[in-house]
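**Q**
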Amino acid sequence: MNNIEDLTRVSEVSPLEAYEMLKSDNKAVLLDVRSKMEFDYVGHPTGAINVPWQNPPDWQLNLDFLDQVR
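Residue 51 in numbering that gives the first Met the number 0 is what sits at position 52 of the sequence shown, and the numbering runs on without skipping anything.
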């Protein structure tokens, strides 16, 4: 990923695939890209790291996303 436009090309994995990846690779991290509000109030898996890729209330792309996940 080199720029913010690349954020629209995100792959998805199933919960089971994510679990297997986390279990098999000790360097793997679970990045939760939902809003902080969703992360805090809906809940999140133990150990998940929250970096929203959109910012409420207008849900604009988080232009600092790449810097925040590096």
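Where is the CB? At the ideal position from N, CA and C, for every residue including glycine.
Assign Leu65 to one of three DSSP states: helix, strand, or coil.
**A** Start at 1 with the first residue of the sequence shown, and residue 65 comes out as number 66. Note: Leu65 maps to helix in three-state DSSP.
**Q** Rounding to the nearest angstrom, what Cα-Cα distance links Asp31 and Asp24 in this structure?
**A** For the purposes of this step, residue 31 is identified with residue 32 of the sequence shown, where counting begins at 1. For the purposes of this step, residue 24 is identified with residue 25 of the sequence shown, where counting begins at 1. Approximately 18 Å between the Cα atoms of the pair.
**Q** The alpha helix (DSSP H) that contains Ser23, what's its start and end?
**A** Stepping through the sequence shown from its first residue, residue 23 is reached at position 24. Looking at the DSSP string, the run of the alpha helix (DSSP H) that includes Ser23 is Pro14 to Ser23.
**Q** Mind checking whether Ile48 and Leu29 have CB atoms under 8 Å apart?
**A** In the sequence shown, the residue the question calls residue 48 occupies position 49. In the sequence shown, the residue the question calls residue 29 occupies position 30. A contact, by the Cβ cut-off of 8 Å.
**Q** Where do the N-terminal and C-terminal ends of the alpha helix (DSSP H) with Asp37 fall, by residue?
**A** Residue mapping note: residue 37 aligns to position 38 of the sequence shown, counting from 1. Note that residue 37 is Glu in the sequence shown, not Asp. Unbroken alpha helix (DSSP H) run through Glu37: Lys35 to Tyr40.
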